[in-house]
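Offset between the sequence shown (1-based) and this note's numbering: plus 162. Every residue, glycine too, gets a C-beta built ideally from N, C-alpha and C. Keep in mind the model is a prediction, meaning the values are calculated, not measured.
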Amino acid sequence: MLERRSRTFPPSWTVPFRNYTEVTDFLRQVETACILRGRPSDGTISLEAVSRCLHELKRPDRAFRSVHVTGTNGKTTVSRMLGALTRASGLQVGVYTSPHVLHFRERIAINGQPIGEEELVDACNHIKSFLDLYGLQLAPFEFLTAAAFFAFRAAKVDLAVIEVGIGGRQDATNVITPELSVITNVEYDHTDLFGETLEQIAVEKAGIIKPLTPVLCGPMTKGSRAVIESRAAELKAPVLWSGQDYDMTDFVRTGSTGTCTLTVGSSIFPTVSIPSPASFTAVNASQALTAYDVLRRRGLVPEIGAREIGRLFSEMELASCCEVFPGAPTVVLDSAHNPPAAAQLVANLRCAFEGRRSVWVVSLSREQQWEHMLRFFSGSGADRIIVTSYPLELAVDAQTITERWRNYSSAAAEIVENPDVAFRRALQAAGPQGLVVVTGSPQLGGYCRPLAKTFVTELPTRS
163 MLERRSRTFP PSWTVPFRNY TEVTDFLRQV ETACILRGRP SDGTISLEAV
213 SRCLHELKRP DRAFRSVHVT GTNGKTTVSR MLGALTRASG LQVGVYTSPH
263 VLHFRERIAI NGQPIGEEEL VDACNHIKSF LDLYGLQLAP FEFLTAAAFF
313 AFRAAKVDLA VIEVGIGGRQ DATNVITPEL SVITNVEYDH TDLFGETLEQ
363 IAVEKAGIIK PLTPVLCGPM TKGSRAVIES RAAELKAPVL WSGQDYDMTD
413 FVRTGSTGTC TLTVGSSIFP TVSIPSPASF TAVNASQALT AYDVLRRRGL
463 VPEIGAREIG RLFSEMELAS CCEVFPGAPT VVLDSAHNPP AAAQLVANLR
513 CAFEGRRSVW VVSLSREQQW EHMLRFFSGS GADRIIVTSY PLELAVDAQT
563 ITERWRNYSS AAAEIVENPD VAFRRALQAA GPQGLVVVTG SPQLGGYCRP
613 LAKTFVTELP TRS
């Protein structure tokens, strides 16, 4: 049974935002309220407040076609990949994702670029004015979702790829009527909200399926698949399954990247280059390409050639998605924030960088099943873990993490509060032939990404 969410509202609710700083001060409440996003109050929560707000705004979400993406992991990657593919076909495209890596504007991207500061302020003030006028209140994530829809309408996008914040059935984004629904996978996460079994979690994901609307599904257990199939049959929604209607095969790691074969229906795309050594990124590529193909076959997006598709995948920049910065040492950034993602990261790194000394820089949140994540990290063979503190109110105390680590591993553990110093300390500890892994939260990866880029550019040129 789900609990009613607690809603937090900014001071001076009726005062318009005067600048971007005031907007971000408000939006930062999303970080502390994120575990409450989409929680029902008594098991029967509706999306009435969001729907009414959008109604008063003359339904900005209906000004463009949309694709709705949920799943335990990979939904941000799939959303951004699909955004890139549809942009390449000539469409004006919006992409709404969460959480952000560097700044809130990333969550609302228009034609591949974060929304501008003025545009975000304008969108937020339009939402705010209607809330004031009609006496409505929205939680922070609901507020930002409405602002994204308004911004996409203002930008006159043709298509928007909308990522679910949490779950699906009761998420603020589940007010749209998409052309396609995507369920990347169903794994254990947010069990306190959705239940202890994969079948219960699948019910939440299946909540985004709409009548007669195609739904694309990734790998999942038989039990989860049965839940999805039942809901899709009830709504007469055709389903495309991984391994049946599309597939990713022949994955080969090539240093910091990978290659694979993508099969979509009867079309085969051999030797597609993926900018990550992680097989799960290649799976996400197969899902994004299949989603694009569904839209193309329905006449909703123009066709792009196989060569252009290959180029797009090879050049995509997937921030903190098993992102590798080759160097001495090599740096890997990954936003793993739940146990399944942690397990996948460890498995891929053990294959890609077997035998290399590794130092991990980690920050974890109380909203995660962080002890399970730590247990997976300990199975990586890490030689040292450096626990740092990213400024999140929900961060697990660093001392607590190091104490738990010692229960799972004999590898050294230390606390370096400043993430900048922690990153540089890891570079030194790993050595030129080693590996530095930064993980545990998207925000930590975002903070360290400029540091990793700077480190790579400062490497001496080898003659």
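By how many angstroms is the C-alpha of residue j removed from the C-alpha of residue i?
i: ALA211; j: ILE277; result: 25 Å
i: THR307; j: GLY596; result: 42 Å
i: GLY427; j: PHE292; result: 46 Å
i: GLY245; j: ARG546; result: 38 Å
i: ALA468; j: GLY274; result: 21 Å
i: SER448; j: VAL344; result: 12 Å
i: GLY233; j: GLU218; result: 30 Å
i: PHE179; j: CYS286; result: 8 Å
i: GLN254; j: GLY327; result: 23 Å
i: HIS499; j: THR421; result: 25 Å
i: MET410; j: THR550; result: 36 Å
i: LEU342; j: ASP284; result: 29 Å
i: ASP204; j: LEU355; result: Caution applies to ASP204, whose pLDDT of 31 falls short of 50 and renders its modelled position unreliable; the value that the coordinates give is listed next. If I take the Cα positions, the gap works out to 12 Å.
i: VAL508; j: VAL463; result: 37 Å
i: ARG415; j: ARG512; result: 12 Å
i: VAL319; j: ILE272; result: 8 Å
i: SER572; j: THR564; result: 11 Å
i: THR186; j: LYS290; result: 14 Å
i: ILE338; j: GLY380; result: 21 Å
i: VAL618; j: PHE487; result: 7 Å
i: LYS220; j: SER497; result: 36 Å
i: GLY200; j: PRO594; result: Unreliable placement is indicated for GLY200, whose pLDDT of 44 sits below 50; no coordinate value is reported for it.
i: PRO612; j: GLY256; result: 25 Å
Going by DSSP, name the residue or residues bridged to residue i.
i: ASP660; result: With the chain covering only 163 through 625, there is no way to say anything about residue 660.
i: CYS379; result: ILE345 and TRP403
i: GLU361; result: Partner(s): none; GLU361 has no beta bridge.
i: PRO276; result: ALA271
i: ALA591; result: Answer is none; ALA591 lacks a bridge partner.
i: ASP324; result: Asp is not the amino acid found at residue 324; the sequence shown has Ile there. ILE324 is bridged to HIS230 and TYR258.
i: VAL549; result: VAL524 and ILE577
i: THR353; result: In the DSSP output, where bridge partners are listed per residue, THR353 has none listed.
i: ILE436; result: GLY420
So the alpha helix (DSSP H) residue i belongs to, where does it begin and stop?
i: GLU533; result: 532-540
i: ALA158; result: Nothing can be reported for residue 158, as the shown portion of the chain is limited to 163 through 625.
i: ILE338; result: Run containing ILE338: none; DSSP gives neither H nor E here.
i: LEU244; result: 237-250
i: ILE466; result: Premise fails: ILE466 is in no alpha helix (DSSP H) and is neither H nor E.
i: VAL319; result: Per DSSP, VAL319 belongs to no alpha helix (DSSP H) and is neither H nor E.
i: ARG566; result: 560-570
Under DSSP, the beta strand (DSSP E) around residue i begins and ends at which residues?
i: GLU304; result: Premise fails: GLU304 lies in the alpha helix (DSSP H), 302-316, not in any beta strand (DSSP E).
i: PHE487; result: 485-487
i: GLY256; result: 255-258
i: GLU210; result: No beta strand (DSSP E) contains GLU210, which is instead part of the alpha helix (DSSP H) from 210-218.
i: VAL389; result: Careful: VAL389 lies outside any beta strand (DSSP E), inside the alpha helix (DSSP H) at 384-396.
i: VAL599; result: 597-601
| task | Decide yes or no for the touch test of the region 458-477 against the region 427-443: beta carbon pairs closer than 8 Å, at least 3 of them. | result | In short, these stretches touch, since the Cβ pair count reaches three.
| task | Kindly provide the ranges of any beta strand (DSSP E) runs that are 3 or more residues long and lie completely inside the region 471-524, ordered along the chain. | result | 485-487, 492-495 and 520-524
| message | Any contact between the region 511-529 and the region 583-590? By contact I mean 3 or more CB pairs, one from each, below 8 Å. | response | yes
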